[in-house]
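Okay, so here's the structure we're looking at.
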Amino acid sequence: MSPVPLGAMLVLSTGIADGPPRPVGDFGGRWVGGSEIRVFDASVPAIHRIDRGTLGTTVLPLTGSDSALDPYGMAVPGDGTVWVLGDRGRFVYRFSEATGERVEKRRLPEPSQGVLTLWRHAGFFAVRLRPGEPLLLRATDGGLRPFSPLLSRSASDVTELLIANLIRCGSGTRRALPCWFTAGEPEVLLLDRDGALRRVPVPSFVTPPAASRPKRSSASEFTFPVRDAFLLESGALWVLANQEGDRTPLEEGSVRGRHAALVRPGRSHRVVALPSEARGILDATEQSLVVLLADGVIARLDAR
Amino acid sequence: MNLSRLASSGLLVSGLAVSGLAVSAPASGAECIQRYAECLVRASDLDTWWRRSAAGIDCYLDAVYCLRGAYG
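Residue numbers (the numbering used here), protein chains in the order written: chain A, 15 to 318; chain B, 811 to 882.
Following this line, the structure appears as structure tokens:
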């Protein structure tokens, strides 16, 4: 597969906020629906509301939190509120979609590493200290219940256990949601509305480290192939690469987020080179991508 | 919705956390694991099992935060 260079194909870009572009270290996730993309910035904290057509942006400050909000994703389950996590995943906050004011704060029964929209429910990825425990929980009937057979993975020590069970989800459709383990095989897990999982192999830009290169840390035993995923109603899946080459994202000289691949059932992959490092895919069709670049700029790219 | 009614006893996260053990996320993720190890060493010096456990969970959650930022 030969990548299509996109450097000359950037057709529109804009700052993420009302002011100049800002660092993306606090990019906390996004939600896409109707004519709007919402990006959670945990540092303000605020929701950036982006028109899918023009990429024009307005900012909705989130007010009333009394602890730091975590860039661990956001859930918009249709109850009029946006759910985000706070205090290292110990609490869930709900903010009004209309005003940004805090509606509720609750201590979670167990700390979470992520919050996501499971269609009409909020979902949580639990922090796990042991293998073989449910990773994905769903808020329903006044509590949290395991959702899907997804279990925490085993590892040789507690540090590796921590890394091996970092998990994220991207943007889904009415039928399925793409999720992936941050450290692991180049594959996406498609989660359906009943909780069933289907593994989809995806292109990887990781190369094995040279045998002569010294091991830098236990993290260098892992590879980190996927940074984001965006599923289209057609069943096609855009995947943003994370690690590229032999250096993990923790290591000096690492390269990441420079390619996106369109994975289509029964058809060959299409790979495109991005003009600079990307953090996330904010919107997509089979012909174009809206990406959040690492410098804070949102860009619409022609990906034909 | 009452999330707390399903509170699990499997994880100990209590108000006994020692704030001095909190680890802030570094600008680069290269120090996440090193800081986690140092945090655990400090936690192990605490005088009671309850305080060590709470501090150990804090170390773990801080390391999750740091690594999510570094890898994501």
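Ideal Cβ positions, reconstructed from N, Cα and C, are used throughout, including at glycine.
In terms of DSSP beta bridges, what is H273 (chain A) paired with? H273 (chain A) is bridged to A:A287.
Helix, strand or coil: which one does DSSP assign to D309 (chain A)? The DSSP-derived three-state label of D309 (chain A) is coil.
Considering only residues of the segment 170 to 222 of chain A, which uninterrupted alpha helix (DSSP H) runs meet the minimum length of 4 residues and lie entirely inside it, listed in chain order? Listed in chain order, the complete alpha helix (DSSP H) runs (minimum 4 residues) inside the segment 170 to 222 of chain A are 172 to 178.
Alpha carbon to alpha carbon, how far is R188 (chain A) from S79 (chain A)? 31 angstroms
Start and end residues, beta strand (DSSP E) containing W252 (chain A): 251 to 255
Check whether chain B comes within 9 angstroms of Q127 (chain A), counting only Cβ atoms and requiring the distance to be less than that. yes
Using the beta-carbon of each residue, which ones in chain A are nearer than 8 angstroms to D872 (chain B)? R102
What is the DSSP secondary structure of G128 (chain A), counted as helix, strand or coil? strand
Run down chain A in chain order and give the residues with a C-beta less than 9 angstroms from the C-beta of R878 (chain B). Result: D84, P85, Y86, Q127, G128, L180, R182, T196.
Tell me the DSSP secondary structure of V90 (chain A) in three-state form. coil
Could you tell me if the beta carbon of V172 (chain A) falls within a distance shorter than 8 angstroms of some heavy atom in the ligand GTP? Absence of the ligand GTP is noted for the structure shown, with no ligands found whatsoever.
C-alpha gap between G879 (chain B) and F41 (chain A), whole angstroms: Taking the straight line from one Cα to the other gives about 9 angstroms.
Closest Cα partner of Y875 (chain B) within the set A:D65, A:R102, A:R278: For the set A:D65, A:R102, A:R278, the Cα lying nearest the Cα of Y875 (chain B) is the one of A:R102.
Residues of chain B with a CB under 7 angstroms from the CB of T173 (chain A): which are they? Residues of chain B passing the Cβ test: I843, Y846.
Does the distance from the CB of V46 (chain A) to the CB of R63 (chain A) come in under 9 angstroms? No.
For T71 (chain A) and F54 (chain A), what's the separation of their Cα atoms in angstroms? 13 angstroms
Thinking C-beta only, is V106 (chain A) closer than 9 angstroms to P59 (chain A)? no
Under 9 angstroms between C-beta atoms, does G39 (chain A) make it to chain B? Its pLDDT being 43, under 50, G39 (chain A) is placed unreliably in this model, and the coordinates cannot settle the point.
Do the CB positions of L151 (chain A) and A140 (chain A) come within less than 9 angstroms of each other? Against a cut-off of 9 angstroms, the Cβ pair of A140 (chain A) and L151 (chain A) comes out as a contact.
Across which residues does DSSP place W860 (chain B) in a beta bridge pair? Looking at the DSSP assignment, W860 (chain B) forms no beta bridge with any residue, so it has no partner.
Cutoff 7 angstroms; reference P35 (chain A); Cβ partners in own chain excluding five residues on either side: Summary for P35 (chain A): the model assigns pLDDT 38, below 50, so the residue's position carries little reliability, and this model does not support an answer.
Enclosing beta strand (DSSP E) for S268 (chain A) [first to last residue]: S268 (chain A) -> no beta strand (DSSP E), and no H or E assigned at all.
Terminal residues of the continuous alpha helix (DSSP H) containing R845 (chain B)? 842 to 854
Figure out for me which residue from A:A243, A:A197, A:S170 has the closest Cα to the Cα of L191 (chain A). A:A243
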